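Asks: So the protein lines, in turn, are chains A and B. To convert, count from 1 in the first sequence and add 25; that's this note's numbering. To convert, count from 1 in the second sequence and add 4; that's this note's numbering. Quick one: this structure, given as structure tokens, is what I'll be asking you about.
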Amino acid sequence: MTDIAEPLPTVAIPSSQAGDLSVRIRRGAEYVVIPLLALGITAFLFSLFLLALGKSPIQFFELVERGGFGTAFSLQNTLQRSSPLILTALCVALPARIGLVIIGGEGALVLGGFASAVVAIPLVLGKVSPLFTLLFMASTGMLVGALWIGIVGYLRYARGVNETISSLLMTYIGIAIMNFFVEGSLRDLTNPNKPSTMPIGDAYMVGHIPGTDVHWGLIAGIVLSVLLYILLSRTTFGFAVRVAGGNPRAALAQGLPVGKLIIICCAIAGACAGLAGFFEVAAIQGRANASLAAGYGYTGILVSFLARHNPLAIVPVAILFGGIVASGGLIERRMDLPDATVLLLQGLTFVVLLTSETLYGRFKIFQVRGAADRT
Amino acid sequence: MSQNAAIIVILALIGGALRVSTPFMFVALGECLTEKSGRVNLGLEGTLVLGAMSGYAISYHSGSPWLGVLGAGCAGSVLGAMHGYICKLPRVNDIAVGIAMMLFGTGVAFFFGKPYIQPSAPRLGSFSLGAWTGNQEIATALQINPLLIVGIVVALVMAWAFANTKWGLIVRMTGDSAASARAMGVSVDLVRFICTTIGGFLAGIGGAFLSLYYPGSWNQGLSSGQGLMAVALVIFARWSPIRCVIAALLFGAAGSIGPALQSVGITQGYYFFNAAPYILTLFIMIASAGSKRAARDVPGELSITK
Chain A
26 MTDIAEPLPT VAIPSSQAGD LSVRIRRGAE YVVIPLLALG ITAFLFSLFL LALGKSPIQF
86 FELVERGGFG TAFSLQNTLQ RSSPLILTAL CVALPARIGL VIIGGEGALV LGGFASAVVA
146 IPLVLGKVSP LFTLLFMAST GMLVGALWIG IVGYLRYARG VNETISSLLM TYIGIAIMNF
206 FVEGSLRDLT NPNKPSTMPI GDAYMVGHIP GTDVHWGLIA GIVLSVLLYI LLSRTTFGFA
266 VRVAGGNPRA ALAQGLPVGK LIIICCAIAG ACAGLAGFFE VAAIQGRANA SLAAGYGYTG
326 ILVSFLARHN PLAIVPVAIL FGGIVASGGL IERRMDLPDA TVLLLQGLTF VVLLTSETLY
386 GRFKIFQVRG AADRT
Chain B
5 MSQNAAIIVI LALIGGALRV STPFMFVALG ECLTEKSGRV NLGLEGTLVL GAMSGYAISY
65 HSGSPWLGVL GAGCAGSVLG AMHGYICKLP RVNDIAVGIA MMLFGTGVAF FFGKPYIQPS
125 APRLGSFSLG AWTGNQEIAT ALQINPLLIV GIVVALVMAW AFANTKWGLI VRMTGDSAAS
185 ARAMGVSVDL VRFICTTIGG FLAGIGGAFL SLYYPGSWNQ GLSSGQGLMA VALVIFARWS
245 PIRCVIAALL FGAAGSIGPA LQSVGITQGY YFFNAAPYIL TLFIMIASAG SKRAARDVPG
305 ELSITK
């Protein structure tokens, strides 16, 4: 239906030229240069906007640098925040490769986190070993996330329900389900401040990567990105997904199980977002409450689009946006800007980025003669 | 539940349908026009929020709520025009741009809306259809806001114009087959640009309703998915303005199930009843997506149902 999934550069090249490195670099460069150009234009437009408000753009970028990357503390804060961004971006990227625009990662994150916090309660009370508890929590979170987005994929394939709308609707439903239980039967009555589930306790929390303050979610995100990249570009499954994403009718004519592929892609995607929810609960919050819906799912959409739905590119883009999100508080306080500044910047980036889609194929320098018309 | 309580709940549902449905109606009508021309604007959720903010701000500064409604419409049409312009560029996907506009509209509204969370702006008035009964409860339940009437009139005009005017034919032709529109000498991009802009204008007015009538103040949690539900509602209404109005009333009733039950003392499952409109939308989408009638009425150029 949509043509958002670009074929990987390596696939687009006829086999006779596949070994030619300069061709690969030139074709691949387009996918790097144009998003960077879009980022540059966004920075320029946002600077103009700040100037119009009488604020200093230079101060803004200095604060992003200091608040997001400058010191060891801020860098670790950034990496901490980029972990859910990597995972929720994967939730967008994988379905995008098969031609689906899924924007319900927030819902899968919230429900995955909530489910993992709930299954932890009996295990923590029963003093089961932390390692087993965490593994069980993580698998529950992933399973619930997989189910949640899997439903979206199923509805898309079986009933033709538009996946973009249904996945966002399911996010609202998911948040309502969590609120229902957190304010009702599963509420921890010893905590009068904020309705939450029972805390899992310090002994059961996910630890930090040795030598840092960053939890293991970052490693999980990077490993999953690499695995999914290999899955997409180096396996028959990935090949089938790309064929189905490029032309569903041709895929069906080839006898590919398109419905199954769609549902599996959505399920893996949901599992990633569910895992993000697990890490938010088990490494940051310690319990499930409304703070789970912090908007990582929405920023993840932008990250995935900026990375052109390439799992490997998602990691650096997620770190960049993790830094912008992390420096948000500092910027708002120092420059006396409203707390929606980061949201506005994200919206602007998204609009400029999608506008830049029109530039693909317009620059001669990236075109390889003879290769383009044969793909 | 006693009989009395049941009557209260039913009254509250009717009242809710009359009160809550207006934003759904405006957004759905705007989206209906946009989709009739062959494009999808998923960003109307952002338009709704920006309309609510700008309508409130203008009403606060000018003292006139109707000026606020107009301003909200203009703010909405700016977002609509942006969507319409970006989508006419080659290789740009209208659904993805809609998601971006959703984020952008919300961001702009929250950014500039911060100073307006506290002050109270003049609101739109209302009149009651039930005043003649002399019954206070019925009179309160049948409060009608002027924008509801405006919405119904817009729907009637749109339905008439689609069927009976040259402009209506051009819009429908552009939506059904861009190739034939081009062959007739119609600029497809221009028609879609205009339709998306007017669609944004209508959605902006829907937003002004939220902040100027019900709930009647501006805050960041004002709209939670109404704009998106309205987009889904257009599929259910099978691209007919009249059916959009009926569907909006149905959604308004569904949205007031929670508060209605709460008013008779049923608070159990409050969050679930608040989720009722989302669940209803999802079921409606499941039921209407695969139907033969929807397949017959869908504009041929639309990417949302392919």
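The beta carbon of each residue, even a glycine, is placed where N, CA and C say it ideally should be. Please read these numbers as outputs of a predicted model, since none were measured by experiment.
For P123 (chain B), I'd like the list of residues in its chain whose CB is within less than 8 Å of its CB, leaving aside the five on either flank, ordered along the chain.
Replies: Sequence index remark: in the second sequence, residue 123 (chain B) carries index 119 (1-based). So the qualifying residues of the chain are Y64.
Asks: Give me the subset of the region 344-368 of chain A whose CB atoms are less than 9 Å from a CB atom of chain B, sorted by chain position.
Replies: L362, P363, D364, A365, T366, V367 and L368
Asks: In whole angstroms, what separates the C-alpha of S227 (chain B) from that of I326 (chain A)?
Replies: For the purposes of this step, residue 227 (chain B) is identified with residue 223 of the second sequence, where counting begins at 1. For the purposes of this step, residue 326 (chain A) is identified with residue 301 of the first sequence, where counting begins at 1. Approximately 20 Å between the Cα atoms of the pair.
Asks: Which class does F388 (chain A) belong to by DSSP, given the choice of helix, strand or coil?
Replies: The residue you call residue 388 (chain A) lines up with position 363 of the first sequence. F388 (chain A) falls in the coil class under three-state DSSP.
Asks: Suppose the cutoff is 7 Å on Cβ atoms and the five residues either side in sequence are ignored; what does the same chain contact list for C247 (chain B) look like?
Replies: One-based indexing of the second sequence puts residue 247 (chain B) at position 243. According to the sequence as given, residue 247 (chain B) is Arg; it is not Cys. Cβ within range, chain order: A241.
Asks: Within its chain, find whatever has a CB closer than 6 Å to the CB of F114 (chain B); leave out the 5 residues flanking it on each side and keep chain order.
Replies: Indexing the second sequence from 1 puts residue 114 (chain B) at position 110. Same-chain partners within the cutoff: Q224.
Asks: Taking Cβ positions, are Y321 (chain A) and L107 (chain B) nearer each other than 8 Å?
Replies: Along the first sequence, read from residue 1 onward, the residue named residue 321 (chain A) stands at position 296. Along the second sequence, read from residue 1 onward, the residue named residue 107 (chain B) stands at position 103. No, the Cβ-Cβ distance between Y321 (chain A) and L107 (chain B) is not below 8 Å.
Asks: In this structure, how does DSSP classify H240 (chain A) when only helix, strand and coil are distinguished?
Replies: The count along the first sequence starts at 1 and reaches residue 240 (chain A) at position 215. Strand, per DSSP.
Asks: Can you tell me which of A:N218, A:F86, A:V231 and A:A133 puts its alpha carbon nearest to the alpha carbon of L156 (chain A)?
Replies: Reading the first sequence from its first residue, position 131 is the one you call residue 156 (chain A). From the listed residues A:N218, A:F86, A:V231 and A:A133, the smallest Cα separation to L156 (chain A) is found for A:V231.
Asks: Using beta-carbon positions only, say whether G178 (chain A) and G302 (chain A) come within less than 8 Å of one another.
Replies: Numbered from 1 along the first sequence, position 153 holds the residue referred to as residue 178 (chain A). Numbered from 1 along the first sequence, position 277 holds the residue referred to as residue 302 (chain A). Going by C-beta atoms, G178 (chain A) is not nearer than 8 Å to G302 (chain A).
Asks: Between the Cα of A251 (chain B) and the Cα atoms of B:S25, B:I12, B:G155 and B:E35, which residue gives the shortest distance?
Replies: Within the second sequence, numbered from 1, the residue matching residue 251 (chain B) stands at position 247. It is B:S25 whose Cα lies nearest to the Cα of A251 (chain B).
Asks: Between the Cα of G256 (chain B) and the Cα atoms of B:G269, B:G231, B:W243 and B:W164, which residue gives the shortest distance?
Replies: By 1-based counting over the second sequence, the position of residue 256 (chain B) is 252. Comparing Cα-Cα distances from G256 (chain B) to each of B:G269, B:G231, B:W243 and B:W164, the minimum goes to B:G231.
Asks: Would you give the residue range spanned by the alpha helix (DSSP H) that P336 (chain A) belongs to?
Replies: The residue given as residue 336 (chain A) occupies position 311 in the first sequence. From DSSP, the alpha helix (DSSP H) with P336 (chain A) extends over P336 to M360.
Asks: Ends of the alpha helix (DSSP H) at G209 (chain A)?
Replies: As a first step, residue 209 (chain A) is located in the first sequence; it is residue number 184 there, counting from the start. Careful: G209 (chain A) lies outside any alpha helix (DSSP H) and carries neither H nor E.
Asks: Counting only the same chain and skipping the five closest in sequence on each side, list residues whose C-beta sits under 7 Å from that of P345 (chain A).
Replies: Along the first sequence, read from residue 1 onward, the residue named residue 345 (chain A) stands at position 320. Reading off the sequence, residue 345 (chain A) comes out as Leu, not Pro. Taken in chain order, the list of residues that qualify is empty.
Asks: Leaving out the 5 sequence neighbours to the left and right, which residues in its chain are closer than 7 Å to Y60 (chain B) when beta-carbon positions are compared?
Replies: Counting from one through the second sequence, the residue named residue 60 (chain B) turns up at place 56. Excluding residues within five positions, the ones whose Cβ falls inside 7 Å are G72, Y120, A125, S215, L216 and W222.
Asks: If the cut is a Cβ gap below 8 Å, which residues of chain B does L402 (chain A) touch?
Replies: This structure cannot speak to residue 402 (chain A), because chain A is shown only from 26 to 400.
Asks: Chain A beta carbons: is any one of them nearer than 8 Å to that of G294 (chain B)?
Replies: Sequence index remark: in the second sequence, residue 294 (chain B) carries index 290 (1-based). Yes, because at least one Cβ of chain A sits closer than 8 Å to the Cβ of G294 (chain B).
Asks: Considering just the uninterrupted stretch of the alpha helix (DSSP H) at T113 (chain A), what are its terminal residues?
Replies: Taking the first residue of the first sequence as 1, we reach residue 113 (chain A) at position 88. Run containing T113 (chain A): A97 to R122, per the alpha helix (DSSP H) assignment.
Asks: For V328 (chain A), which residues in the same chain have their Cβ closer than 7 Å to its Cβ, ignoring the five residues on either side in sequence?
Replies: Walking along the first sequence from the start, residue 328 (chain A) turns up at place 303. L110, A114, I339, V342, A343 and F346.
Asks: N223 (chain B) versus chain A: which residues are under 9 Å apart at the beta carbon?
Replies: Along the second sequence, read from residue 1 onward, the residue named residue 223 (chain B) stands at position 219. The premise fails here: N223 (chain B) is roughly 12 Å from chain A at the closest Cβ pair, so nothing lies under 9 Å.
Asks: Pull up the CB-CB distance for R91 (chain A) and S81 (chain A), whole angstroms please, since I reckon it's below 8 Å.
Replies: Position 66 of the first sequence, counted from the first residue, corresponds to residue 91 (chain A). Position 56 of the first sequence, counted from the first residue, corresponds to residue 81 (chain A). With a Cβ gap of about 14 Å, R91 (chain A) and S81 (chain A) do not count as contacting.
Asks: Please report whether the beta-carbon of I62 (chain B) lies at a distance below 8 Å from any beta-carbon of chain A.
Replies: Locating residue 62 (chain B) in the second sequence gives position 58, counting from the first residue. Chain A contact via Cβ: absent.
Asks: Just the chain A side, please: which residues come within less than 7 Å of R95 (chain B) by C-beta, in chain order?
Replies: Position 91 of the second sequence, counted from the first residue, corresponds to residue 95 (chain B). Going along chain A in sequence order, the residues near R95 (chain B) (Cβ under 7 Å) are E382, T383 and Y385.
Asks: Would you mind stating whether L180 (chain A) and I128 (chain A) have Cβ atoms separated by less than 8 Å?
Replies: Taking the first residue of the first sequence as 1, we reach residue 180 (chain A) at position 155. Taking the first residue of the first sequence as 1, we reach residue 128 (chain A) at position 103. Result no, Cβ atoms of L180 (chain A) and I128 (chain A) do not sit closer than 8 Å.
Asks: For L98 (chain B), collect the residues of the same chain with a Cβ closer than 6 Å to its Cβ; drop the 5 residues on either side in sequence, then sort them by chain order.
Replies: As a working mapping, residue 98 (chain B) is identified with position 94 in the second sequence. One point to set straight first is that residue 98 (chain B) is Asp, not Leu, in the sequence displayed. Excluding sequence neighbours, D98 (chain B) sits near R43, V44 and C91.
Asks: Counting contacts by CB-CB distance shorter than 8 Å, is P34 (chain A) in contact with chain B?
Replies: By 1-based counting over the first sequence, the position of residue 34 (chain A) is 9. Its pLDDT being 46, under 50, P34 (chain A) is placed unreliably by the model, and the measurement read from it follows with that caveat. Closer than 8 Å to the CB of P34 (chain A) there is not a single CB belonging to chain B.
Asks: Taking C-beta pairs closer than 8 Å, name the residues in chain A that L232 (chain B) reaches, listed in chain order.
Replies: In the second sequence, residue 232 (chain B) corresponds to position 228, counting from 1. Here the neighbours are I190, L193 and L194.
Asks: Would you kindly check if the distance between the Cβ of W243 (chain B) and the Cβ of K118 (chain B) is under 8 Å?
Replies: As a working note, residue 118 (chain B) is residue 114 in the second sequence. As a working note, residue 243 (chain B) is residue 239 in the second sequence. No; because the gap between Cβ atoms is not below 8 Å, this pair is not in contact.
Asks: Given a limit of 9 Å on CB to CB distance, which residues of the region 107-123 of chain B reach chain A?
Replies: Within the region 107-123 of chain B, contact with chain A at the beta-carbon level (separation under 9 Å) is assigned to L107, F108, G109, T110, G111, V112, A113, F114, F115, F116, G117, K118 and P119.
Asks: For the region 309-323 of chain A, which residues have a beta carbon sitting closer than 9 Å to at least one beta carbon of chain B?
Replies: Y323
Asks: How long is the line joining the alpha carbons of V135 (chain A) and A9 (chain B), rounded to whole angstroms?
Replies: Indexing the first sequence from 1 puts residue 135 (chain A) at position 110. Indexing the second sequence from 1 puts residue 9 (chain B) at position 5. The straight-line gap from Cα to Cα measures roughly 36 Å.
Asks: Identify, in the order they occur along the chain, each residue of the same chain with its Cβ nearer than 6 Å to the Cβ of V186 (chain A), setting aside the five sequence neighbours on each side.
Replies: Locating residue 186 (chain A) in the first sequence gives position 161, counting from the first residue. These residues qualify, in order along the chain: L180.
Asks: For the structure I just gave you, are there three or more beta carbon pairs, one from the region 136-148 of chain A and one from the region 218-238 of chain A, closer than 8 Å?
Replies: Yes: the two stretches touch, three or more of their Cβ pairs being nearer than 8 Å.
Asks: What do you get for T215 (chain A), buried or exposed, if any count of 16 or more other CB atoms within 10 angstroms of its CB means buried?
Replies: The residue you call residue 215 (chain A) lines up with position 190 of the first sequence. The residue in question, T215 (chain A), is exposed, as its Cβ has fewer than 16 Cβ neighbours within 10 Å.
Asks: Going by beta carbon distance, what residues of the same chain come within less than 7 Å of F85 (chain A), once the five residues before and after it are set aside?
Replies: Taking the first sequence and counting its residues from 1, one reaches residue 85 (chain A) at position 60. The beta carbon of F85 (chain A) sits closer than 7 Å to those of L75, I356 and M360, all from its chain and outside the five residues before and after it, given in chain order.
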